[in-house]
Each structure stands twice: as structure tokens, then as C-alpha cells.
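S.K.: The following block contains the structure, expressed as C-alpha cells.
There are 4 protein chains.
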Amino acid sequence: MRVGLFGFGRTGKAVATILLQSKESHLCWVIRKSKVLQHRSVPEFLGIQSDEPGLIFPKDEWTPQQLFKEHPVDVLIDFSSAEAILSYGEEAARREIAIVSAISEYPSETIDFLGKLSQQTRVLWSPNITIGINFMMLAAKVLTSIAPYTDIEIIEEHFKAKKEVSGTARRLAKALSLPEESIKTIRAGGIVGRHEILIGFPYQTIRLIHESISREAFGNGVLFAAQNLVDRATGFYTMEDLLIPYFNLK
Amino acid sequence: MRVGLFGFGRTGKAVATILLQSKESHLCWVIRKSKVLQHRSVPEFLGIQSDEPGLIFPKDEWTPQQLFKEHPVDVLIDFSSAEAILSYGEEAARREIAIVSAISEYPSETIDFLGKLSQQTRVLWSPNITIGINFMMLAAKVLTSIAPYTDIEIIEEHFKAKKEVSGTARRLAKALSLPEESIKTIRAGGIVGRHEILIGFPYQTIRLIHESISREAFGNGVLFAAQNLVDRATGFYTMEDLLIPYFNLK
Amino acid sequence: MRVGLFGFGRTGKAVATILLQSKESHLCWVIRKSKVLQHRSVPEFLGIQSDEPGLIFPKDEWTPQQLFKEHPVDVLIDFSSAEAILSYGEEAARREIAIVSAISEYPSETIDFLGKLSQQTRVLWSPNITIGINFMMLAAKVLTSIAPYTDIEIIEEHFKAKKEVSGTARRLAKALSLPEESIKTIRAGGIVGRHEILIGFPYQTIRLIHESISREAFGNGVLFAAQNLVDRATGFYTMEDLLIPYFNLK
Amino acid sequence: MRVGLFGFGRTGKAVATILLQSKESHLCWVIRKSKVLQHRSVPEFLGIQSDEPGLIFPKDEWTPQQLFKEHPVDVLIDFSSAEAILSYGEEAARREIAIVSAISEYPSETIDFLGKLSQQTRVLWSPNITIGINFMMLAAKVLTSIAPYTDIEIIEEHFKAKKEVSGTARRLAKALSLPEESIKTIRAGGIVGRHEILIGFPYQTIRLIHESISREAFGNGVLFAAQNLVDRATGFYTMEDLLIPYFNLK
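Protein chains in written order, with my numbering: chain A, 496 to 745; chain B, 496 to 745; chain C, 496 to 745; chain D, 496 to 745.
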């Protein structure tokens, strides 16, 4: 699976690390915002031994047409900005390259645009692309359908400087039909990120807890998304859509 | 749903309490080992206001034939002993009364006997009949199929006096293909019961935690089992079998 | 140590159980509100084997003068009502019987009254008389003096029906100079009681967690209080005062 | 407070970062094993804005005599190797420079040597120099003296690749008089480090939990050690010794 990555900020770098270390993916290139490039490849930049090219290109060095022609890939991963898709989307769809976007928020026109692209290729968009959080959300949904009389609480913990309520917690709340205001928000020290869904039965308690160790977690999610998208039909997907088949136990 | 209960020890009483409080079940009678009966009904015994009969009968007052004829029920709940089923099983199967057994262990002949009964009626046997533990086991199975490269640890905590490794933890280990010896056993003070399945990813951790508050938790499990068994075909079931359909997300 | 107990509600009964089981205390009598007495002793009532008298008296059977003369004790434990102390306090102080009160709230006049009594005898008043909570409060105080730059969060979890914020959590907040509104309140199912003090450092986190299993926990606290009060001088004490000497490590 | 740092490996770099960011310390220089130096200062190397010199010297560029004369410091921090102290110890003691060593293990002769140095200057040695772990150990000691009848369990969690039982957990066990074999060891994924001391009472549970986020935690411990050592008399200290005064509540 040949991969191209848009975005080489802190999360982009972490994702690139995972892609380079994985045997199932082949990192062909990375598009970086900054034009000042001291290094020409990701392995060199990150100090990782690898025979994958991982070429680093500044944002405007190529048109999408040239890039996809000269350096063809099977999947595009997007950790850059809400605008990037507007420039490369059509050419990618035309070439039926799968698109995996982890952009936090898109304006509604861009969401419509993603919808249009998904008529020609496979498009996945998930603001939180970790396996753990998406699994936890689905598991909690299952449990509330088994035991609808239980009480649910969502607790999220992050570093002191994080101002707003966690977007992931808000997604969990929405998925479980809880009001956003009911989320309990803990801010202390340097906590990377912890989400808990507590399900209270009359005489037992279940806690589903997700703890982030570092942003490399997104890398494993991206790999999972890319691999599971490959055999799918043209269309629009979320991480949930890709996880649901695994819940169909026999 | 008319219910008859075998067993009126500590867990039997807790289950009877839940059955009396539930609007979906109607506790007709309880079979008790002891012949010394100061009270003739469960509501009186437990001090609960209820218009359900909940008659308390000593073990040998009735033959199963007489009992099921005079006091007909739809479901039998068994929290008594491994022998009880041998006396009432055939008559129950003949009358197609559903059987829910929470007996910890049966000799293999009795398991065969249960199998035979299940050709005539619905038989459910689950040593741990709580919703929480069985949900957790299935959820962990799903997660390991999504992310087979993760490391799993099972940790169980109970009160100091509990000698052996928790049977529930052993079941979890078996279901997740872990060796029994890998279970981490904590014994301290008066902990009622806590089971944790920890799933370690390279950059994130998921914890599924079940905490028991009191043995009434079995009551909710029994109710769930009885209700979900009613519409099922004749056959042999476990709690897992009843929970699996809820995992089939769309 | 001969003990007399005021109050035989749910907590009073749990405390009486612990006192009967302890070899260090001798439960002489219990004063009960209800006049309808089917049983004349606590061991009989609770079904516990014991050679301690544990006589049950209705509230108005004795004047304090008669009671303390006929059935002398060393310590009084009060789990009854905010008014009880007004009737027995003076006579107890006159006889220098130690007083341990676990009443949640007193009007300010009664607090003054306790102060007066403490000029003649040892008086301890602590609304939460468990060892665990009081230890946790002092330990958190120590830690914040070591690392004043840390962030502190208090999280309390209780059963769904509990309406107001936990009084214990409010006491913790006050002791740690946190605004009451900063307490995070979780309400779900049948959780008995869980209090967490989370201390966030830039690169590490400490959690002090107290989990209540049942109200018998008050019994161990009462025993500790009574035993540690015996050798103290006349005066007014809280649980904190009795715990502080144990923190003086060498 | 002028500081010199021995050791510039992963932990050394993390500690240097904290020292540079702190207003209470002034990082004068770092001694590095490697002779290949691309950068001549720590701020430059780490990309941190700072007006502290933070000069990087290769191991053999200076004799201790020259170094301490040309670049005088008040405290030495040692995160290098068990041998380093042998070369700089005597000269540091002669000049009464405080020594803070976080070396994991020393041969017994070197421990004797540290003892001799401590007759001339203040020497602190603690293999785990975080505030959190040392606080937790002392707090648990206090609690076991208050409630000696409780059961204690130590649980440690680390990344899968960590082979042996955590040294910190072994220290906790020793301090609490528990056999080393009783430690419960969890190995899964990328867990940075989590230590729990669980104290089980009959009807309540206390958990003291320490979670490591990153090795920068050692930096805060080192700063605390250096600052608290400054006003102390000549002698040999551990982190515990420096924390104990904070436990003396009034």
C-alpha cells in the first residue's frame, strides 16, 4: 500500500513514524507547509533507518496532477489543514486514490465536497482517528442497548492549558445521546488525554477508559483506516463504519 | 412472566429482591433448603411491599409435578445446588418451562443432562450471570479482533479471605486465549469484586473495568436472561448467546 | 473500653456490629428512637454471637443520670440526631465520659455547647468519621505543601439518587482551598461512594482514591477515635487532630 | 542556584530542559559522554530560548579542578554513570558543592565513598528522584501505622518490553515490609509507568496511584532536591529525608 501524507506538523511527524515502521505501508512522500527544507526525506529527518523513500516536498512544488503522476500512491492521508482537500481532492478522486482525512473540522461546503468526491473514490473522514476512542464509543452504544436503564457519565482529563471541552468527549456524548454540558472536565498538569465512559447499574459499574500515551496513536488508526478502506466500495466512511463489522460476533 | 426460584441463600435472597421489585417479572414461589420457616412469603421475609405471592416452600414439600401444576410458572431460576436440576429438570422440560441456571459448576453428566433437556425447552446456564462481565468479555473479544497486535492483561481484585483465583477471571482468560497463570490476583480488605481487562496499544491503553457493588447484580442478569430467553427457540444458551445480537450494530 | 451508643438507624447498626466484633471495645448499651422493641439486645437483634450485653433501650426509658450510673461507660458514640447531645451532654461531661459525635451538622449554638463540654471532658466531632477520607485529606495537604505549583481536582461519585454534592467532597475542597464549585460530581447507578483527589504535575500525576464499600467503615473510624481519645487531655478534637501525630515521621 | 549536570542521555536532556525553564536554577554546563558535538550549548541543542549558558562539554575536556574553578556551581546533578562520581567527587566535596545523584545502582565501595564525601558536603542519592513516588511511599507508611490491620498490594504497569520488575516497585515493597514476590507486574503496550499502592480496609479501600507522563518528571524532582538541600547541614540524604519535614503537620 503506497501512501502519500499531507501535513508534517507534530501529529504528521508522529504518523509518518508509524507509517515508516509498518511493513504494510510504504510512505512515498510527505507534503510540508514550510518551504525551508533542511532534509529531503522523512527517514533522514526523523533519524529512522528505512528504505522507503518518504520524500519531503514543500506545499507548492507540485500540482496534484504532476505529483500523483510522478509519485503514484494508493492512499492519501491528510493531517494538514481544512483547505488542502480543495486543491488535491478532484485529481485524487479522478484517479480513484483513497482519501483518509483526520482534519478536526470542515466548513459545511467542504463536507459537501467530500460527499461529491466519495461518488468516485473511497473517502474516510474522522476527526479522532484512534482505534481506541472509536471502539469505546461503539462498545458503550452496545451496552446502552442491552441495559437502557443505566446511567452514563463521560469524564475527560487533559493538561491544564487545554481550554475548551475535549472534542472527542463531545463526540462521545453525542453518540450516547447525552447533553454536552453533562461532560465532566478535569484539567491538571500534563495529562496527555484520558476519556472515561462510566455506566452505572444498580448493583455494578462498568468503566470504559481510554488513555492516550502520545500522538503516535493516530498513526495506528490511520494504518487501520487505510487497510480497511482498500477493499471497500466507493463511498463515504467514518472510523465507526470500518469498526462495525468487527462487532458482528457469531 | 411468572417466575419460580430455586435457592434462597444469600444470592437467592438478593435475586428475589430484584424479581419482586421488577414490573416485568412475577415471583410466584421460592424453594428453600431449610425446613424451619418463620415466614411464609418472600415479601414478608424481606420486608418488601409487594402484591406478588412469593410463597416460600421447603425443599421437599412438593414434587415437581405437583408444584408446576398447582403453581405454574414460565421460567425457573436456579441458584440452589448442582443436584437440584436432577429432580425438577425433566418435569420442567416436559412442560416447556424455560430454565435459567446460575450454578457455578456441574459434573459432566449433569451438563449432558442439561443438553438433553434443551431438546425440549430453552435452557440457559451461565456461572456468572451478570450483564457487566459478559458484556466486557465480548467487547474485549471484538477489540482483539480489531487490533490483534495488542497486549492483554487481566487483573482481578477481591476480599482478602477469597482463596482461589476468581472463576470469572478464569473465564475471561479462556475467552481471550490467555493462560490462566497470567491473571493478576489482588486480595485486600473487603473488596466485593473488581475485574479489569487492560488492552495495551503502543501509544494508547484501553481499560474495561467491572466493579461489583453487591450480589443483587445477579438479579438484573437473571431478569435479562429470562426476558431474552422467552422469544428464543428450544435449545441450549449462555449469557453470551443472548448478548451477541446486541453487538450486531448497523 | 466500655461503650454506649446513641442511634440505631442503618449506620448505628453497622457501627454496633463492628463494636461487638472488636476485642478492644465492650458495647454496653444502645439508645434507640423507636419504642417498639422486639429484641432486647444488639447481639440478638443482629444475629451475632457475643457475650457483650449490648442492651437496647428506648430513648426515654432512662434519664442520663440514671443510665450512666446504672450502666457506666468510658465513651459515648453518637450517631443519632443533632438534639441528642443537649440531653446527655452535661451529665457525660460531669462524669468525664469521652464523647465521639458523628452527627453531620449542628446548629452553631450546639457547637458552642460542645465547646463548653470540652472544658470538662474529651469531645470529638467529625461529620465523616472514616479513617480513609481523613487520611486522604491530610496526605493531599502534605503534597500541596511539597509541590504548590500542582493542579488539584476533586471528583466524587455516588448513586444516582444522591441529590446534593457530597459533604465529604466539600470538606476536602475546603481543606485544600478549592472553590466548592470546582468539585466534579458523578451520579450513576448504585455507586456507594468514591472520592478522588487528583494532583497534576507537569510530567506525572498522583491520584488519591477512597472507595466506600459499606457504612461499616464508620465503625472502624469510631473505634480508632475512641481508642486515640482515651489518652488525650480534656479538649475538643476532630479526626484530623487524632491522625496528625501519625504523620510525624522521623 | 548555579547547576552543573553530568549526563546528557535521554533523561539528562529532559532534566536539562526543566532546569533551563526554571527561574530558580541556572544551568551553567553539561558534561556529555560523546565527543562529537554539533552544538555547543543546551538551549541551542534543545531549541529552547534561554539566556543561561548551558555549555556542553565532552567528558574529558576538563579536569574537575579546572571545571569547578572556571565554571563554578552550587549543585552538581548526576544522571551519568556509576563511575562518574569517582572522578569529580573529591574535588566537589573539597569545594563544598552539593551533590544530587540519581544513579540507579552503585557498587558498595562507591556507596562508602559517597558516605565519606558526605562528611564534607551535602550528598543526596535517590535512584527514583521523582516527588510523586517518594511522597506515595511515605504516605503509605503513615497509613499503615494508623491502620496496621489493613492489607497492602503493590501493582506496577509498564511497557511490554520492560523485562524485570520495576525497581521503584521493589523499593516501595521494601519500605512497606512486603516481600518482593508479592508485587503484581503488568506489561502491556507503551505504558510509560504506573505504580499503585492499594490499601484494603474491611469496608473501604484506598488507592495511591502514581502515573508517569514522561522522564521530565525527574527534572522537577531534581529541582526540589537541589533547593531543599541548599539549607541543609553537611551529611547524607535521600529524597525521603527531604520530604519528611513536610509531613510534620501541626
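We put the beta carbon where it would ideally sit given N, CA and C, even for glycine.
#1: Starting from residue 671/C, find everything on chain A with Cβ-Cβ shorter than 7 Å and list it in chain order.
#2: Are the Cβ atoms of residue 450/C and residue 599/C separated by less than 8 Å?
#3: Could you check how far apart the C-beta atoms of residue 645/C and residue 694/C are, in whole angstroms? I think they sit under 8 Å.
#4: Give a yes or no on whether 8 Å exceeds the smallest Cβ distance from residue 628/C to chain B.
#5: Helix, strand or coil: how does DSSP classify residue 606/B here?
#6: Counting only Cβ pairs nearer than 7 Å, list the residues of chain C close to residue 509/A.
#7: Where are the beta strand (DSSP E) runs, 3 residues long or more, that stay fully inside the segment 520–602 of chain A, in chain order?
#8: Per DSSP, what kind of secondary structure is residue 694/C in: helix, strand or coil?
#9: Considering Cα atoms alone, identify which of 635/B, 616/B and 687/B is closest to residue 586/B.
#10: Could you tell me which of 611/C, 700/C, 682/C and 540/C sits nearest to residue 588/C, measuring between CA atoms?
#11: If you draw a straight line from the C-alpha of residue 583/B to the C-alpha of residue 593/B, how long is it?
#12: Helix, strand or coil, according to DSSP, for residue 679/A in the structure here?
#13: Three or more beta-carbon pairs under 8 Å between the segment 676–689 of chain D and the segment 712–723 of chain B, yes or no?
#14: May I ask you to list the residues that DSSP assigns as paired with residue 497/B?
#15: Within the segment 641–687 of chain A, note down every full alpha helix (DSSP H) run reaching 4 residues or more, in order along the chain.
#16: Residues of the segment 670–700 of chain C in Cβ contact with chain B at a cutoff of 9 Å, in chain order, please.
#17: Ignore the nearest five residues each way along the sequence and tell me which others in residue 706/A's own chain have a CB closer than 7 Å to its CB.
#18: How many angstroms separate the CA atom of residue 454/A from the CA atom of residue 678/B?
#19: So that I know if they touch, is there some Cβ in chain B lying closer than 8 Å to that of residue 738/A?
#20: Just how far apart, CA to CA, sit residue 581/C and residue 607/C?
#21: Please list, in chain order, the chain B residues whose beta carbon lies closer than 8 Å to that of residue 636/A.
#22: Taking the alpha-carbon positions, what's the residue 651/C to residue 712/B distance?
#23: For my contact list, residue 507/D and residue 523/D are in at a C-beta cut-off of 8 Å; report their separation, rounded to the angstrom.
#24: Quick check on residue 729/D: does DSSP put it in helix, strand or coil?
#25: Classify residue 743/D as buried or exposed, calling it buried when 16 or more other Cβ atoms lie within 10 Å of its own Cβ.
#26: Can you pull out the residues from the segment 695–729 of chain C whose beta carbon lies closer than 7 Å to at least one beta carbon of chain D?
#27: Taking all protein chains shown into account, decide if residue 669/C is buried (16 or more other Cβ within 10 angstroms of its Cβ) or exposed.
#28: If residue 497/B sits next to residue 568/B, beta carbons under 8 Å apart, how far is it from one beta carbon to the other, in whole angstroms?
#29: Among residues of its own chain, excluding the 5 on either side of residue 555/C, which ones have a beta-carbon nearer than 6 Å to its beta-carbon?
#30: Nearest-angstrom Cα distance between residue 531/C and residue 591/B?
#31: For residue 656/C, which of 681/C, 541/C, 666/C and 665/C has the nearest alpha-carbon?
#32: Out of 560/B, 501/B and 627/B, state which residue places its alpha-carbon closest to the alpha-carbon of residue 578/B.
#33: Using a Cβ-Cβ distance under 8 Å, would residue 641/B count as near chain A?
#34: Excluding the five sequence neighbours on either side, which residues of its own chain have a C-beta within less than 7 Å of the C-beta of residue 696/A, listed in chain order?
#35: Exposed or buried, which one is residue 573/D when buried takes at least 16 other CB atoms within 10 Å?
#36: Mind checking whether residue 515/C and residue 549/C have CB atoms under 8 Å apart?
M.R.: Let me lay it out:
#1: Those within 7 Å of residue 671/C in chain A number zero; the least Cβ separation is about 13 Å.
#2: Nothing about residue 450/C can be reported from this structure: the residues present for chain C run from 496 to 745 only.
#3: Right, their Cβ atoms sit about 5 Å apart.
#4: For residue 628/C, the closest Cβ of chain B is not nearer than 8 Å.
#5: If DSSP states are grouped into helix, strand and coil, residue 606/B belongs with the helices.
#6: For residue 509/A, none of the residues of chain C pass the 7 Å Cβ criterion, the least Cβ distance being about 19 Å.
#7: Segments of the beta strand (DSSP E) lying fully in the segment 520–602 of chain A: 521–527, 550–553, 570–573 and 593–596.
#8: In the structure shown, the three-state DSSP call for residue 694/C is strand.
#9: Per the Cα distances, 616/B.
#10: Here the closest residue by C-alpha is 611/C.
#11: Answer to the nearest angstrom: the Cα atoms are 12 Å apart.
#12: Annotated three-state conformation of residue 679/A is strand, per DSSP.
#13: At 8 Å Cβ cutoff, the stretches do not touch.
#14: Checking the DSSP bridge columns, you'll see residue 497/B partnered with 521/B.
#15: The qualifying runs are 662–670.
#16: Per Cβ criterion, the list reads 684, 685, 686 and 687.
#17: The residues are 689.
#18: In this structure chain A extends from 496 to 745, so residue 454/A is not present and cannot be described.
#19: Interface residue, yes.
#20: Taking the straight line joining both Cα atoms gives about 11 Å.
#21: Within chain B, the residues near residue 636/A are 744.
#22: Going from the Cα of residue 651/C to the Cα of residue 712/B covers about 22 Å.
#23: So it is not a contact: roughly 15 Å between Cβ atoms.
#24: Coil, per DSSP.
#25: Exposure of residue 743/D is indicated by the presence of fewer than 16 other C-beta atoms within 10 angstroms of its C-beta.
#26: For the segment 695–729 of chain C, the beta-carbon criterion of a distance under 7 Å to any beta-carbon of chain D is satisfied by 696, 697, 698, 699, 700, 701, 702, 703, 704, 705, 706, 707, 708, 709, 711, 712 and 715.
#27: Counting Cβ neighbours within 10 Å, residue 669/C comes out exposed, since fewer than 16 surround it.
#28: Contact between residue 497/B and residue 568/B is confirmed by a C-beta separation of about 4 Å, below the 8 Å threshold.
#29: No residues qualify anywhere along the chain.
#30: Between residue 531/C and residue 591/B, the C-alpha separation is close to 49 Å.
#31: Per the Cα distances, 681/C.
#32: It is 501/B whose Cα lies nearest to the Cα of residue 578/B.
#33: For residue 641/B, the answer is yes, since a Cβ of chain A falls inside 8 Å of its Cβ.
#34: Residues of the same chain with a CB within less than 7 Å of the CB of residue 696/A, apart from the 5 flanking positions on each side, are 642 and 645 in chain order.
#35: By the neighbour-count rule (16 or more Cβ atoms within 10 Å), residue 573/D is buried.
#36: Going by C-beta atoms, residue 515/C is nearer than 8 Å to residue 549/C.
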